[in-house]
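Novice: Let me give you the structure first, and then I'll get to my questions.
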Amino acid sequence: MKKVKSVLYRIVFIIVFSFLAKSCVSDYIYEGDKDKIAERQQMLDDNTFVMADLSNEYTETTLARVIKMYKFNYSFTVDGRTYADEISLTTLPNFPQLKLYYLKENPNIVSEDPQADIDTENKKGKSVTDLIVGIVWGILALLMLLSFFGGKKATEPKVVQEAKKPIATNTDTRSAEQKEQDRKAKEDPNRFLPK
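Throughout, the working numbering is defined as the position within the sequence shown, counted from one, plus 23.
Pasting the structure below:
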């Protein structure tokens with residue numbers, strides 16, 4: 024069971040890291056979203072905005088312990104038709120209404136600050152940071168993928184079978200007298216002298 028969980032975690036991490044790598048590298052390569060820039064510019068040119076009613080309840084989210092985001096539901100009416108969705112804000116609004124720009128052709132597309140959106144989209148692809156971060160995510164995904172194939176395999180201990188040899192009895196057939204003579208001959212200091 025532990026092994027299955029480990030494999031599933033690896034697969035999830037590979038998918039997440041690959042997605043993050045693709046996203047960062049795409050931001051660098053393709054720069055900003057041209058359609059989004061055109062829509063926001065159209066909002067500014069047409070100067071189409073409305074005061075949207077915010078709900079009394081909101082969800083607070085903290086990102087990286089520093090940035091707080093507040094998610095509100097909003098609704099507004101354009102040409103007798105009501106539109107509703109949710110929006111994330113970085114500051115709490117002072118009033119229960121918020122000025123939202125909308126696209127004349129499609130009022131579902133809104134922006135609190137179209138110029139800031141345009142600036143953000145234009146910055147994409149100008150900095151190498153997106154590319155570097157994408158490469159780091161790609162390397163992490165590759166390392167996780169390699170951990171599948173490069174992991175140590177559990178091997179069974181090899182059992183070495185020893186060949187049974189009969190206990191050797193005295194295989195030296197020389198007599199004790201001959202052994203003693205050989206020993207004395209080796210110890211004799213005169214053995215190297217000519218005879």
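Even glycine gets a Cβ: it sits at the ideal position worked out from N, Cα and C.
From this set, ASP50, LYS25 and VAL30, which residue's C-alpha is nearest ASP153's C-alpha?
Specialist: When each option's Cα is compared against that of ASP153, the closest is ASP50.
Novice: Is the region 42-61 touching the region 84-99, taking contact as three or more C-beta pairs under 8 Å?
Specialist: Counting Cβ pairs under 8 Å, fewer than three are found: no touch.
Novice: What does the Cβ neighbour count give for ILE141, buried or exposed, with the cut at 16 atoms within 10 Å?
Specialist: ILE141 is buried by the Cβ-count criterion.
Novice: Can you find the residues in the same chain that come closer than 6 Å, C-beta to C-beta, to VAL156, ignoring five residues on each side of it along the sequence?
Specialist: Result list for VAL156: CYS47, in chain order.
Novice: Cβ of PHE95 within 9 Å of Cβ of GLU109?
Specialist: Yes, the Cβ-Cβ distance between PHE95 and GLU109 is below 9 Å.
Novice: Can you pull the DSSP bridge partners for TYR93?
Specialist: For TYR93, which the question treats as bridged, DSSP gives the partners GLU83 and LEU112.
Novice: Smallest Cα separation from ILE158: which of VAL27, LEU31, PHE42 and MET24?
Specialist: Nearest of VAL27, LEU31, PHE42 and MET24 to ILE158, Cα basis: PHE42.
Novice: Does the region 158-172 come close enough to the region 98-106 to have 3 or more Cβ pairs within less than 8 Å?
Specialist: Output reads no: the region 98-106 does not touch the region 158-172.
Novice: Express the C-alpha separation of MET167 and GLY173 in angstroms, rounding to a whole number.
Specialist: Straight-line Cα distance between these residues: approximately 10 Å.
Novice: In angstroms with no decimal places, state the Cα-to-Cα distance between VAL23 and ARG33.
Specialist: This structure gives no information on residue 23, because the portion of the chain shown stretches from 24 to 218.
Novice: Beta carbon of TYR81, beta carbon of TYR93: below 9 Å?
Specialist: Closer than 9 Å, so yes.
Novice: Just the C-alpha distance for PHE171 and GLY148, rounded to the nearest angstrom, thanks.
Specialist: Straight-line Cα distance between these residues: approximately 33 Å.
Novice: Between ASP211, ASN213, LYS202 and LEU165, which lies nearest to VAL35 when the distance is taken from Cα to Cα?
Specialist: Ranking the options by Cα distance to VAL35, first place goes to LEU165.
Novice: Quick check on the burial criterion: 16 or more other C-beta atoms within 10 angstroms. Buried or exposed for ARG63?
Specialist: Buried: at least 16 other Cβ atoms inside 10 Å.
Novice: Within a Cβ cutoff of 8 Å, which residues of the same chain sit near THR114, ignoring the five residues on either side of it in sequence?
Specialist: TYR93.
Novice: Using only alpha-carbon positions, find the residue among GLY55, ASN70 and LEU112 that is nearest to GLU83.
Specialist: Of the candidates GLY55, ASN70 and LEU112, the one whose C-alpha sits nearest the C-alpha of GLU83 is LEU112.
Novice: Going by CA-CA distance only, name the one from LEU169, ASP211 and ALA139 that's closest to ILE60.
Specialist: Minimum Cα distance to ILE60 is reached at ALA139.
Novice: In the DSSP assignment, the beta strand (DSSP E) including LYS20 goes from what residue to what residue?
Specialist: Beyond the ends of the chain as shown, which are 24 and 218, falls residue 20; an answer cannot be given.
Novice: Where does ASP56 fall in DSSP's three states?
Specialist: DSSP places ASP56 in coil when its eight states are reduced to three.
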